[in-house]
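These notes are about the structure you will find just below.
Residue numbers (this note's numbering), protein chains in the order written: chain A, 624 to 781; chain B, -18 to 151.
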């Protein structure tokens, strides 16, 4: 990967990768680690991308895998993140803040599916490919996540 | 379906307010530069390690050869039995079975330079033989390169300073 292409992809997709990482980690420090590892892998990649969409999909897949690797690490599972409360993002509207915390309360396995579906706008089939799940599993997680958000956010989530 | 669209917009509006921490892009950019430097440093490190290993191998193997045979393998490789022989007022270079008489080639200063075409190898010699200085012979060998027009001295085989055989007393 040459520097120019790396810079371009970093500029375009850092936020997306970070958000995916956050959905898979739910704390800032781990999300930063995941984003950093993802971009290291991007820099080390030798094969060219077909187009920007291919690059985006690849980055998101790597970020998802990095999140899974992080959760598999035993010491990570036992770590608590009280310090994270001080560094949560601030939102321009209360409803958005409500949604952010409602999503954050979802189990990670639901959160990632919701995030890829609603923000990254991937189809169920694409999410199944990215997360190496069956389409049925993705559909089930999506359905349960929707239900939980509906319960938490009352009328704000339809 | 319309509700799903509303949910999607709500979700997107919310999470588009979440950005990577300030300075992260710069850090990742610097990390990329750092990796370049690290790669260069890593290559230099491996070259240094290889050089040290080569020196140790060279010195070690010569040491072992010297301990077992009394001479180093470098000595064996680069020393050839070529001599300057002075006999019956004739000055000759003796290289194995080859004898080159250079007596007539010596100039007023007792020096002679020339080439001898061997079998695929060219020997270039320089002889110094006069009463004032210690007789001296320098020899260089080259492989012939037939791809080149004329004789190209493509590879130095070795150089040697020969010690002349003393003229036998009558």
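Cβ atoms here follow ideal geometry from the backbone N, Cα and C, with glycine treated the same way.
Computed from a prediction, not measured in an experiment: that's the story for all the values here.
Can a CB atom of chain A be found closer than 8 Å to the CB of residue i?
i, result
"residue -12 of chain B", "yes"
"residue 165 of chain B", "With chain B running from -18 to 151 in the structure shown, residue 165 of chain B is simply not present."
"residue 6 of chain B", "yes"
"residue 49 of chain B", "no"
"residue 10 of chain B", "yes"
"residue 105 of chain B", "no"
"residue -7 of chain B", "yes"
"residue 94 of chain B", "no"
My understanding is that residue i touches residue j, with C-beta atoms under 8 Å, so please give their C-beta distance in whole angstroms.
i, j, result
"residue 639 of chain A", "residue 738 of chain A", "Actually they do not touch by this definition, with Cβ atoms about 10 Å apart."
"residue 741 of chain A", "residue -7 of chain B", "7 Å"
"residue 116 of chain B", "residue 65 of chain B", "6 Å"
I'd like to know whether the C-beta atoms of residue i and residue j end up nearer to each other than 8 Å.
i, j, result
"residue 95 of chain B", "residue 111 of chain B", "no"
"residue 764 of chain A", "residue 726 of chain A", "no"
"residue 783 of chain A", "residue 636 of chain A", "Residue 783 of chain A lies beyond the range of chain A shown here (624 to 781); nothing can be said about it."
"residue 667 of chain A", "residue 10 of chain B", "no"
"residue 624 of chain A", "residue 675 of chain A", "no"
"residue 686 of chain A", "residue 658 of chain A", "yes"
"residue 103 of chain B", "residue 83 of chain B", "no"
Any Cβ of chain B within less than 8 Å of the Cβ of residue i?
i, result
"residue 715 of chain A", "yes"
"residue 735 of chain A", "no"
"residue 632 of chain A", "no"
"residue 662 of chain A", "yes"
"residue 642 of chain A", "yes"
"residue 709 of chain A", "Note that residue 709 of chain A scores 49 on pLDDT, short of 50, meaning its location in the model is unreliable; the coordinates nonetheless yield the value given after this. It does not: the Cβ of residue 709 of chain A has no partner Cβ on chain B nearer than 8 Å."
"residue 745 of chain A", "no"
"residue 742 of chain A", "yes"
"residue 689 of chain A", "no"
"residue 655 of chain A", "yes"
Please compile the residues from chain B whose C-beta is within a distance smaller than 7 Å of the C-beta of residue i.
i, result
"residue 638 of chain A", "0 and 1"
"residue 681 of chain A", "Result: empty, since nearest Cβ-Cβ is about 16 Å, beyond 7 Å."
Residues of chain B with CB under 9 Å from residue i, in chain order?
i, result
"residue 712 of chain A", "-2, -1 and 0"
"residue 719 of chain A", "-9, -6, -5, -4 and -2"
Quick one: list the residues of chain B neighbouring residue i, beta-carbon separation under 8 Å, in chain order.
i, result
"residue 722 of chain A", "-9, -8 and -5"
Complete runs of the alpha helix (DSSP H) confined to the region 735 to 761 of chain A [at least 4 residues]: With a minimum length of 4 residues, the unbroken runs of alpha helix (DSSP H) contained wholly in the region 735 to 761 of chain A fall at 747 to 754.
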